[in-house]
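From first to last, the protein sequence lines stand for chains C and F. Anchor point for the first sequence: position 45 equals 45 in our numbering, and the numbering is continuous, going up by one each time. With the second sequence counted from 1, adding 198 to any position gets you our numbering. Below is one structure; the comments refer to it alone.
2 protein chains.
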Amino acid sequence: MTEAPSSAAPWREPLARARHAHDKAGLEDYLQLATIRPDGTPANRTVVFRGFLEHPDRLLCAADTRSEKVEQLHRNPAVELCWYFPRSREQFRVRGTATVIEAGHPDAAMLVTRDTVWLGLSGSVRVQFAWPDPGGLREDPAVFDIPAPAKASPPAEFCLIVVEPERVDHLQLRPFPHERHVYERDGAGVWAVTAVNP
Amino acid sequence: MTEAPSSAAPWREPLARARHAHDKAGLEDYLQLATIRPDGTPANRTVVFRGFLEHPDRLLCAADTRSEKVEQLHRNPAVELCWYFPRSREQFRVRGTATVIEAGHPDAAMLVTRDTVWLGLSGSVRVQFAWPDPGGLREDPAVFDIPAPAKASPPAEFCLIVVEPERVDHLQLRPFPHERHVYERDGAGVWAVTAVNP
Numbered sequence: 001m002t003e004a005p006s007s008a009a010p011w012r013e014p015l016a017r018a019r020h021a022h023d024k025a026g027l028e029d030y031l032q033l034a035t036i037r038p039d040g041t042p043a044n045r046t047v048v049f050r051g052f053l054e055h056p057d058r059l060l061c062a063a064d065t066r067s068e069k070v071e072q073l074h075r076n077p078a079v080e081l082c083w084y085f086p087r088s089r090e091q092f093r094v095r096g097t098a099t100v101i102e103a104g105h106p107d108a109a110m111l112v113t114r115d116t117v118w119l120g121l122s123g124s125v126r127v128q129f130a131w132p133d134p135g136g137l138r139e140d141p142a143v144f145d146i147p148a149p150a151k152a153s154p155p156a157e158f159c160l161i162v163v164e165p166e167r168v169d170h171l172q173l174r175p176f177p178h179e180r181h182v183y184e185r186d187g188a189g190v191w192a193v194t195a196v197n198p
Numbered sequence: 199m200t201e202a203p204s205s206a207a208p209w210r211e212p213l214a215r216a217r218h219a220h221d222k223a224g225l226e227d228y229l230q231l232a233t234i235r236p237d238g239t240p241a242n243r244t245v246v247f248r249g250f251l252e253h254p255d256r257l258l259c260a261a262d263t264r265s266e267k268v269e270q271l272h273r274n275p276a277v278e279l280c281w282y283f284p285r286s287r288e289q290f291r292v293r294g295t296a297t298v299i300e301a302g303h304p305d306a307a308m309l310v311t312r313d314t315v316w317l318g319l320s321g322s323v324r325v326q327f328a329w330p331d332p333g334g335l336r337e338d339p340a341v342f343d344i345p346a347p348a349k350a351s352p353p354a355e356f357c358l359i360v361v362e363p364e365r366v367d368h369l370q371l372r373p374f375p376h377e378r379h380v381y382e383r384d385g386a387g388v389w390a391v392t393a394v395n396p
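Right, dumping it as structure tokens:
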């Protein structure tokens with residue numbers, strides 16, 4: 001179990017417990033990212049959690065720069081993640097702001113994080129960044145039968161989505177009545193928690 | 199297995215197969231609903247699928263009229279549902295428009311559907327509509343220890359969310375390269391499907 005650091009935000013510990021309860025089933029890292037389309041309607045898709053950054057607590061996902069979600073985040077960085085854990089019947093809703101880290105980003109530390117996440121990806125994930133344009137008319141299967149880009153350096157198509165949470169809503173459906181806690185971060189970065197009705 | 203009617207939209211059959219592959223695990227009916235908050239940011243939460251309406255194909259969920267999602271849908275009916283199936287590694291993204299069916303709705307047939315969905319709910323779900331205001335400061339556990347509202351007639355707090363899809367994006371991660379099909383409905387209600395790059 002990857003425990004939350006003792007200095008971490010208070011919602012990290014219940015989230016670590018929920019993920020741990022799902023890691024044997026391989027269900028711990030799938031969550032849904034909602035964003036805003038250019039026409040103002042909501043978009044929603046599954047993403048894979050790729051780890052935390054600390055001080056402040058942020059969540060990492062990988063993305064293709066050619067994907068609609070990256071285009072949407074460049075225009076509007078507001079997001080809500082929804083992470084449902086079916087075995088423990090609990091949900092974390094993470095509201096916040098996303099930053100896209102692409103090649104050439106001015107923050108050198110973030111580029112190191114981008115390299116590190118890339119290094120951790122399997123070949124079958126890395127190869128997808130060399131596939132034809134996502135969402136374009138389906139090309140011949142042979143076009144996809146190519147080697148994965150090397151581990152040494154991520155291609156320009158690879159980027160990180162870094163979500164900085166402002167509010168986390170934790171709902172537990174197993175207790176009856178259900179439990180619900182809302183964590184909110186103030187301007188100084190301090191988290192407060194409130195018990196609310198489910 | 200609940201098969202899709204032969205006259206149903208073409209995405210209904212692959213969705214029925216995915217749900218069937220998850221029903222023994224109890225994972226077939228949980229999906230994520232993205233909406234727009236009054237401040238323009240996205241909201242995202244897990245909802246429970248409660249069945250289909252036919253002609254045209256629409257998806258049903260139950261909701262509490264006091265919940266933020268119902269308030270959001272009254273202001274802006276645009277939604278995207280994201281339905282991820284972990285065992286078969288496939289995802290359906292359903293973009294469309296939601297209608298809220300509350301007591302007193304002018305369409306009598308929709309009120310019958312509301313009664314029918316209410317009848318199918320367990321007591322532990324029905325009682326939640328009599329609990330204190332969702333999201334309010336947590337009240338004493340004793341306040342929640344009340345009988346469930348009767349099956350005979352739904353309380354005013356109970357409503358349906360009816361989603362009418364315009365576009366369904368079906369991604370299959372098990373084949374390699376992955377498969378992706380986009381279904382779109384034209385103005386006459388006819389669905390067309392296009393194979394696109396994953």
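Glycine is no exception: its CB is placed at the ideal position from the N, C-alpha and C atoms. Here the structure is a predicted model, which is why all the values come from computation and not from measurement.
Legend entry - Contact belief for F:E278 with F:A207 at Cβ below 8 angstroms, rounded distance in angstroms: Contact doesn't hold; Cβ gap of about 17 angstroms is too wide.
Inset, instruction - Using 10 angstroms around the beta-carbon of C:G96, count the other beta-carbons present and answer buried if the total reaches 16, otherwise exposed. - result: Classification of C:G96: buried, given that the 10 Å Cβ count is 16 or more.
Legend entry - Min CB distance F:L257 to chain C below 9 angstroms: No, its Cβ sits nowhere closer than 9 angstroms to a Cβ of chain C.
Inset, instruction - Decide if F:A276 is buried, meaning its Cβ has at least 16 other Cβ atoms within 10 Å, or exposed. - result: Only buried fits F:A276, as 16 or more other CB atoms lie within 10 angstroms of its CB.
Legend entry - Nearest neighbour of F:V323, chosen from C:P198, C:K69, C:P38 [CA to CA]: Nearest of C:P198, C:K69, C:P38 to F:V323, Cα basis: C:P198.
Inset, instruction - Please go through the region 85-126 of chain C and give each complete beta strand (DSSP E) segment of 3 or more residues, from N-terminal end onward. - result: As for any beta strand (DSSP E) of minimum length 3 sitting wholly inside the region 85-126 of chain C, the runs are 90-101, ordered along the chain.
Inset, instruction - Would you give the residue range spanned by the beta strand (DSSP E) that C:H170 belongs to? - result: From DSSP, the beta strand (DSSP E) with C:H170 extends over 158-172.
Legend entry - Any 3 or more C-beta pairs closer than 8 angstroms across the region 290-308 of chain F and the region 239-247 of chain F: At 8 angstroms Cβ cutoff, the stretches do not touch.
Legend entry - is_contact[F:E269, chain B] using C-beta, thresh 9 angstroms: In the displayed structure, chain B is absent; the protein chains listed are C and F.
Legend entry - Residue environment, F:A401, which counts as buried when at least 16 other CB atoms sit within 10 Å: Past the edges of chain F, shown from 199 to 396, lies residue 401 of chain F, and the structure says nothing about it.
Inset, instruction - Tell me, please, which residues DSSP counts as bridged to F:I344. - result: For F:I344, no pairing in a beta bridge is given by DSSP.
Legend entry - Those runs of the beta strand (DSSP E) which lie wholly inside the region 200-273 of chain F and span at least 3 residues: With a minimum length of 3 residues, the continuous beta strand (DSSP E) runs that stay inside the region 200-273 of chain F are 228-234, 240-246, 256-262.
Inset, instruction - Determine the extent of the beta strand (DSSP E) in which C:R185 is found, giving its start and end residues. - result: Taken as a continuous stretch (DSSP letters only), the beta strand (DSSP E) holding C:R185 covers 179-185.
Inset, instruction - Below 8 angstroms between beta carbons is the criterion; list the residues of the region 80-97 of chain C that meet it against any residue of chain F, in chain order. - result: E80, L81, C82, Y84, P86, Q91, R93, R95: these are the residues of the region 80-97 of chain C whose beta carbon lies less than 8 angstroms from some beta carbon of chain F, given in chain order.
Inset, instruction - Out of F:G318, F:W329, F:H218, F:P373, state which residue places its alpha-carbon closest to the alpha-carbon of F:E355. - result: The shortest CA-to-CA distance from F:E355 to any of F:G318, F:W329, F:H218, F:P373 is the one to F:W329.
Legend entry - Proximity to F:F290 [Cα-Cα], best of F:A386, F:G321, F:E269, F:L369: The candidate whose alpha carbon is nearest that of F:F290 is F:L369.
Inset, instruction - Report buried or exposed for C:L137, applying the criterion of at least 16 other Cβ atoms within 10 angstroms of its Cβ. - result: Classified as exposed, C:L137 has fewer than 16 neighbouring CB atoms from the shown chains inside 10 Å of its CB.
Inset, instruction - Please confirm whether F:V380 and F:V292 have their CB atoms less than 9 angstroms apart. - result: With contacts defined by Cβ atoms closer than 9 angstroms, F:V380 and F:V292 do not form a contacting pair.
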